[in-house]
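Here the sequence shown is numbered in this note's numbering, starting from 274 and rising by one per residue. Accompanying notes for the structure given below.
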Amino acid sequence: MKRIGLLGGSFDPVHVAHVALAQTALRALGLAEVQLIPAANPWQRAALRATAGQRLDMLRLAVAGHPGLAVNPVEIERGGATYTIDTLRALPRDAHYVWLLGADQLANFCTWRDWQDIARLVDLAVATRPGTALSAPPALAEHLRVLGRELQELPFAPMPVSASQIRQRLARGESTEGLLAAPVAAYIAAHHLYR
Numbered sequence: 274m275k276r277i278g279l280l281g282g283s284f285d286p287v288h289v290a291h292v293a294l295a296q297t298a299l300r301a302l303g304l305a306e307v308q309l310i311p312a313a314n315p316w317q318r319a320a321l322r323a324t325a326g327q328r329l330d331m332l333r334l335a336v337a338g339h340p341g342l343a344v345n346p347v348e349i350e351r352g353g354a355t356y357t358i359d360t361l362r363a364l365p366r367d368a369h370y371v372w373l374l375g376a377d378q379l380a381n382f383c384t385w386r387d388w389q390d391i392a393r394l395v396d397l398a399v400a401t402r403p404g405t406a407l408s409a410p411p412a413l414a415e416h417l418r419v420l421g422r423e424l425q426e427l428p429f430a431p432m433p434v435s436a437s438q439i440r441q442r443l444a445r446g447e448s449t450e451g452l453l454a455a456p457v458a459a460y461i462a463a464h465h466l467y468r
């Protein structure tokens, strides 16, 4: 079966580190494709600033011209609170999936709904983030051991870029050069987002 990477997130907005992580996973893990999955209503985060449609538009602009990267709107089409387990259960069964996450997300993985089932349904590939050590919470480490699985480490050079930082810079009228793909920056300007 083909191996497909899944990168979920708010993407509010999508930035260069998101795309770089997807491209790194595509190559390093030998994936057929990486699908970026924007959350409809992430339950562990503050309210989103851009609409679902705007975030989808920005994602499509960001991945255009990057072979192997695609946008999967499954969570937005479903609507409501966004839980990873529901997304995984809705995906076609004709592929082997690898969930991509940062070390910061790994630290709170055991707070996710039905996290044991998530770890059973997909492989987990973890990229380091600045200031966060790469180690699985003890409960997850033990669960993976029982399943006979290991965390896959992504050789990803940490990039000090965050969506919250970008939103703050835009709100202050500061430059975001080098942080956003040019078409995404143009879209944000045209729609007066994050002002």
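Glycine included, each C-beta is placed from N, C-alpha and C at the ideal position.
Ignore the nearest five residues each way along the sequence and tell me which others in Leu452's own chain have a CB closer than 7 Å to its CB.
His288, Val289, Val434 and Ile439
Quick check on DSSP: helix, strand or coil for Ala398?
In the structure shown, Ala398 adopts extended strand secondary structure according to DSSP, grouped into three states.
Secondary structure, beta strand (DSSP E): runs of 3+ residues fully inside the region 359-385
368-375
Below 8 Å between beta carbons: does that hold for Leu309 and Ala295?
In this structure, Ala295 lies closer than 8 Å to Leu309 by Cβ.
Counting C-beta neighbours from all protein chains within 10 Å, is the total for Asp367 16 or more, i.e. buried, or is it exposed?
exposed
Please return the same chain residues whose Cβ sits closer than 8 Å to the Cβ of Met274, not counting the five positions on each side in sequence.
Non-local beta-carbon contacts of Met274 in its own chain, meaning distances under 8 Å to residues more than five positions away in sequence, involve Asp367, Ala368 and His369 in chain order.
Can at least three beta-carbon pairs, one atom from the region 368-382 and one from the region 405-418, be found at a separation below 8 Å?
Yes, the region 368-382 touches the region 405-418.
For Ala301, list the residues DSSP reports as bridge partners.
Looking at the DSSP assignment, Ala301 forms no beta bridge with any residue, so it has no partner.
Taking Gly373 as the reference, which of Ala463, Leu466, Ile461 and His291 has the closest Cα?
Residue 373 is actually Leu in this sequence, not Gly. Checked all of Ala463, Leu466, Ile461 and His291; the closest Cα to Leu373 is His291.
Could you spell out where the alpha helix (DSSP H) holding Gly281 opens and where it closes?
From DSSP, Gly281 is part of no alpha helix (DSSP H) but of the beta strand (DSSP E) over Lys275 to Gly282.
Residue range of the unbroken alpha helix (DSSP H) whose run includes Leu417:
According to the DSSP assignment, Leu417 belongs to the alpha helix (DSSP H) that extends over Pro411 to Leu420.
Cβ-based neighbour list, Asp285, same chain, cut-off 7 Å, excluding 5 preceding and 5 following:
Leu321, Arg322, Ala323, Arg328 and Ala436
With DSSP as the reference, identify every bridge partner of Pro311, one or two as the case may be.
Gly282
When burial is assigned at 16 or more other CB atoms within 10 Å of the CB, is Ala312 buried or exposed?
buried
Cutting at 7 Å between CB atoms, please list the residues of its own chain near Ile349, excluding the five before and the five after it.
So the qualifying residues of the chain are Pro311, Ala313, Ala325 and Leu329.
Grab me the residues of Arg442's own chain with a C-beta within less than 6 Å of its C-beta, minus the 5 sequence neighbours each way, in chain order.
Thr449
Taking only the alpha-carbon atoms, compute the straight-line gap between Pro365 and Gly446 and give it to the nearest angstrom.
In this structure, the CA atom of Pro365 is about 43 Å from the CA atom of Gly446.
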